[in-house]
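Sequential numbering of the sequence shown, starting at 144, is according to the working numbering.
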Amino acid sequence: MIFRGLSRKAKLLFTKFLPLAFIAVIVIWQLSSRQPQLVQQESNYAIHIRQNFNQSGFYPITKTPSRNLYKPIGNWVGRLILPTKQQLQDSLDWVWMEVQYAPPTAQNLVGKIVRLEWNDATI
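See below:
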C-alpha cells in the first residue's frame, strides 16, 4: 500500500489533503467559464410550422367531399386569419376568413378570403 512507508502524521495529512484536493478540482471545473452555446434552440412552433401538413395550402379547398358523406357543422365553415397591426387601425373587431363551405346562396365565396365582422344587431 501507499501508506506503509509513511509516518502516522504523514498518513493523517495525506487522508485529509486528498479529499480536499479532489473537491477543489471539482469546484474549479464547475466554476470555470464555459463557451456559450452557439446553436440557438428553435421553439416547437418554429419546428412544426415548417411541416407541410400544418400549412393551409396542403388541404386544397377545390376538393369538397360529397354531400352524402359530409355534413357541415354550420352554414359557414372556414379558416380564421388574424389581421396585421396595420389592418387594425380602424379599431373595429374583425378577422379575415378563408371560406371553405358556404350556403348555396353564397357559393361564389368558397375559396376566397373575406372580412368577417361582428354584427350586434343580429344577436
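Ideal Cβ positions, reconstructed from N, Cα and C, are used throughout, including at glycine.
Next on the checklist: Between which residues of its own chain and Pro226 is the CB-CB distance below 8 Å, once the five residues before and five after are set aside?
Outcome noted: Non-local beta-carbon contacts of Pro226 in its own chain, meaning distances under 8 Å to residues more than five positions away in sequence, involve Trp237, Val238 and Trp239 in chain order.
Checklist entry - In the DSSP assignment, what are the bridge partners of Tyr244? => result Beta-bridge analysis with DSSP links Tyr244 to Val220.
Checklist entry - In three-state DSSP terms, what is Trp237? => result In this structure, Trp237 counts as strand in the three-state DSSP scheme.
Next on the checklist: Taking 7 Å as the threshold (C-beta atoms), are Pro246 and Asn218 in contact?
Outcome noted: In this structure, Asn218 lies near Pro246, with their beta-carbon atoms less than 7 Å apart.
Next on the checklist: Here's the rule I'm using: 16 or more other beta-carbon atoms within 10 Å means buried, otherwise exposed. How should Leu200 be labelled?
Outcome noted: Correcting the residue identity first, residue 200 is Gly in this sequence and not Leu. Gly200 comes out exposed.
Item to check | Start and end residues, beta strand (DSSP E) containing Arg258 | outcome: For Arg258, the uninterrupted beta strand (DSSP E) run begins and ends at Ile256 to Glu260, by DSSP.
Checklist entry - What number of angstroms, rounded off, separates the C-alpha of Thr248 from the C-alpha of Ala189? => result Distance between the alpha carbons of Thr248 and Ala189: 40 Å.
Next on the checklist: For Tyr244, which residues in the same chain have their Cβ closer than 6 Å to its Cβ, ignoring the five residues on either side in sequence?
Outcome noted: Excluding positions up to five away in sequence, the list reads Pro215 and Val220.
Item to check | Spatially closest choice to Val257 from Asn187, Ala264, Val242 and Asp263, by CA coordinates | outcome: Out of Asn187, Ala264, Val242 and Asp263, Val242 has the C-alpha closest to the C-alpha of Val257.
Item to check | As assigned by DSSP and simplified to three states, the class of Thr227 | outcome: Thr227: coil per DSSP, three-state reduction.
Checklist entry - What residue ranges within the segment 181-205 form continuous alpha helix (DSSP H) runs of no fewer than 4 residues, ordered along the chain? => result If we require 4 residues or more, the alpha helix (DSSP H) runs fully inside the segment 181-205 come out as 187-192.
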